[in-house]
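Peer 1: Under my numbering, the first residue of the sequence shown is numbered 1080, with each subsequent residue one higher.
C-beta: ideal position from N, C-alpha, C; glycine also.
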Amino acid sequence: MLNYIRAEIYKLLRRPYTYVCLGVMLALEAIFASMFAFHNAHSLATPFGGAIINIVDLGAVGFCTCLLTGDIVFAAQYKNSTLKNEVSFGLSRARIYLGKFLAQTLLSVAYLVVMMAFFLGLCAVCLPMESGVGFYSASEALTIVGYFLAVGLPLWIGGQAAVSMCLFLVNGEMAGSFLYVGVVFVLNTILEVMGLLIGGNAGKLLLKAIQYFPGPMLNGAKSVVGNWEYLGQAWIVGAFWVAVCTAVGLYGFHRKEIK
1080 MLNYIRAEIY KLLRRPYTYV CLGVMLALEA IFASMFAFHN AHSLATPFGG
1130 AIINIVDLGA VGFCTCLLTG DIVFAAQYKN STLKNEVSFG LSRARIYLGK
1180 FLAQTLLSVA YLVVMMAFFL GLCAVCLPME SGVGFYSASE ALTIVGYFLA
1230 VGLPLWIGGQ AAVSMCLFLV NGEMAGSFLY VGVVFVLNTI LEVMGLLIGG
1280 NAGKLLLKAI QYFPGPMLNG AKSVVGNWEY LGQAWIVGAF WVAVCTAVGL
1330 YGFHRKEIK
C-alpha cells in the first residue's frame, strides 16, 4: 500500500495540473488580500483580524478543492483505460481504491496548509495588526479561524471520500463531478424540502438528518467557536462520511466491469 501511495504521489507531483491549480488558488487569495490593502489606502483600515475572519465564510471552497484534487489524482483513468491496466497488473481493487483516496487526501491537506499559510502571511504583511473599532483582534480572529479549520478538516476529508466514491463508480469525470456536487451541496436541500413537506415524525427525522451533512455542519461552526462537543461531533460526522462513502465506493468498484 505504501509503495502504491508513493507512486500516486510521484505521479501527481509530476503533473503540471497540480501546480496550476495551486497557483490559481494562491493568485485568487492574493487578489482577495489586495482588495483589503486597496481599501485601506483609500478608506478606513481593515486590520489583520478583520480580513482573515472571512475564512469562516469560505468553507465551500474546501469541498470544491476536494473535487480538484480528486481529479488530479484520478486523472481520467476510465477515459484513458489506465485503471484497467492497474487491475490487469494484479493490484487488488481495494489497494487501488484506498491508495488513490489517501493520495487525494494528502494532496488536499497539503493544499490547505499552503493556502492558509500564504493568505495569513500575506495579510500579516499587508494589513495592520492593531484591531480597529468593530473588528476582531488578531488573536481573537486566529482563535476563530483555528477552531473553524479544526471543525472543517474532518468534514472536508469526508467530502474527499465522497469525491473518490463518485469518480470510481461513474464512468466520465464530468458525470462523477456532478454526482459529487449533488451529494455534498444539493442532497441536504432536497431532504430539507422533503422534511418540510412530509411533516410528522418522518419529516422531523429528515430535518434532523441534514444537520449531519458536511456543509450544514461546517456552517454551524461559526456560531459555536470554542465548543469542544461540537468539534467532537464534526470529527464523528467526518469519520461516518468517510466510512460510508468508502464502503459504497469499494463495493461498487469491486462489482464494476472495467473496460
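Drop a sphere of 10 angstroms on the beta-carbon of A1322, count the other beta-carbons inside from all chains shown, and report buried for 16 or more, exposed for fewer.
Peer 2: Per the 10 Å Cβ criterion, exposed.
Peer 1: Could you give the residue range of the alpha helix (DSSP H) that holds L1234?
Peer 2: A1217 to L1248 is the span of the alpha helix (DSSP H), which, as asked, contains L1234.
Peer 1: What residue from Q1312, L1275, I1277 and G1279 has the CA that sits closest to Y1291's CA?
Peer 2: If we check each option's Cα against that of Y1291, Q1312 comes out closest.
Peer 1: In terms of residue numbering, what span does the alpha helix (DSSP H) encompassing L1092 cover?
Peer 2: That run of the alpha helix (DSSP H) goes L1081 to R1093.
Peer 1: Which of the three DSSP states is assigned to L1266 in this structure?
Peer 2: It is helical.
Peer 1: Is the distance from the Cβ of R1174 to the Cβ of Y1098 below 8 Å?
Peer 2: Cβ distance not < 8 Å, so R1174 and Y1098 don't count as in contact.
Peer 1: Could you have a look at F1214 and say whether DSSP puts it in helix, strand or coil?
Peer 2: F1214 falls in the coil class under three-state DSSP.
Peer 1: Please check the pair L1162 and G1231, which I expect to be a contact at CB under 8 Å, by giving their CB distance rounded to whole angstroms.
Peer 2: Going by Cβ atoms, the distance from L1162 to G1231 rounds to 31 Å, so no, they are not a contact pair.
Peer 1: Whose C-beta lies closer than 6 Å to the C-beta of M1273 among residues of the same chain, with five residues either side of it excluded?
Peer 2: L1285.
Peer 1: For the region 1175 to 1195 against the region 1253 to 1271, do three or more pairs of beta-carbon atoms, one drawn from each stretch, fall closer than 8 Å, so that the two count as touching?
Peer 2: Result no; under three Cβ-Cβ pairs closer than 8 Å.
Peer 1: Please identify the residue among C1145, T1125 and P1126 whose C-alpha is closest to the C-alpha of F1264.
Peer 2: Measuring from the Cα of F1264, the nearest candidate turns out to be C1145.
Peer 1: Would you call F1168 buried or exposed, if buried means 16 or more other Cβ atoms sit within 10 Å of its Cβ?
Peer 2: It counts as exposed.
Peer 1: If you measure between the beta carbons of S1216 and G1128, is that distance less than 8 Å?
Peer 2: For S1216 and G1128, yes; Cβs fall inside 8 Å.
Peer 1: Leaving out five residues on either side along the sequence, give the residues of the same chain with a beta carbon under 7 Å from the beta carbon of D1150.
Peer 2: Once the five neighbours on either side are set aside, the close Cβ partners of D1150 are E1252.
Peer 1: In the structure shown, what three-state DSSP assignment does N1280 receive?
Peer 2: In this structure, N1280 counts as helix in the three-state DSSP scheme.
Peer 1: If you follow the alpha helix (DSSP H) that N1298 is in, where does it begin and where does it stop?
Peer 2: Residues P1293 to G1299.
Peer 1: Please list the segments of the alpha helix (DSSP H) lying wholly inside the region 1125 to 1159, counting only runs of 4 or more residues, in order along the chain.
Peer 2: 1127 to 1131, 1138 to 1153 and 1156 to 1159, all fully within the region 1125 to 1159.
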